[in-house]
Amino acid sequence: MNKKLLFSIAMIVVAALGYSLYYLNQYHIEDSDSSIQSNLENWLNRPEGENINPTVLRVEQLEDTTSHIIHFQLGNGDYGYARLIRGINGKFKIDMAGYGSGFHNSSYQVIDTNEGEYFILYGGNPDLEIDHILVTGYTGEYDFTFDVSEEQTFLQYAKIPNGVEQAFPADLSFYDSDNNEIE
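Have a look at this one:
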C-alpha cells in the first residue's frame, strides 16, 4: 500500500480518536441527582474561591430536545436555572446558568435548542399569592400564560413560535386569583 495513503489513514484515525476523547470529556455528567448536584456546584463556583451552594429543586427535559433545565435555589433564597445538554453518549454537559431575584422572586430566559427557541420561566411563589403570569414578547410577536397557582417553586417553559424575530426581552405581568395585576 502506498505510504501516503497509510499516513493519511493514520492521521484520520488519530484525529477521530482525539475528537472522541474531547467529546467524551465534555459530556461527562451522569443522569443522577448526585452527579447533577455536584457538577452544578462546580460550574457555579468558577473561578475558585466562590462559595455558591445551590440546591437542585427539579430537572426537566424541554419536550423532545436534547436540552434539560435544572431549577435550583441558593441559600439566600434566590432561584436559578442551568441548562444541561445530552450528548450522544447519554451523558450531559452544562453550558449555561443564571441566578438572581427578579420581580416577585422570579425570572426568565430564552434559550436556543436543537428544536428551536424556548421561553423558560422560573422562580418562587411561597405564599401562593401569584395565580398566573402573562408573558408578552417585547415586540408583541408572542404571548404565553403560565399557571403557577399551586406551585411554591416553579419551572415552566413554552416553545417560542417559529419566525419570531426578537424573542428576548419579554414583559412579565403577575396576577392573583381574582385576575388583579400584582404590582
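Heads up, the sequence shown is in the working numbering, so the first residue is 2 and it goes up one at a time. Glycine residues also receive a C-beta, built at the ideal position from the N, C-alpha and C atoms.
In the three-state reduction of the DSSP assignment, E130 falls in the coil class, being assigned neither a helical nor a strand state. Annotation: I89 is outside any beta strand (DSSP E) and is labelled neither H nor E by DSSP. Sorting E49, I121, E166 and I37 by C-alpha distance to the C-alpha of R87 places I37 at the top. Distance check between S174 and each of G164, E142, L156 and D132 places D132 closest, using alpha-carbon atoms only. The alpha-carbon separation between N90 and E142 amounts to approximately 37 Å. As a beta-bridge residue in DSSP terms, I70 pairs with E61 and R84. The DSSP-derived three-state label of D96 is strand. Excluding its 5 nearest sequence neighbours in each direction, L156 has C-beta neighbours in its own chain below 7 Å: R59, E61, I70, H72 and Y123, listed in chain order. Beta-bridge analysis with DSSP links Y143 to no other residue. Under the DSSP assignment, L45 falls in the alpha helix (DSSP H) whose first and last residues are D34 to L45.
When the alpha-carbon of I121 is set against those of I161, Q110, M97 and Q27, the nearest one is in Q110.
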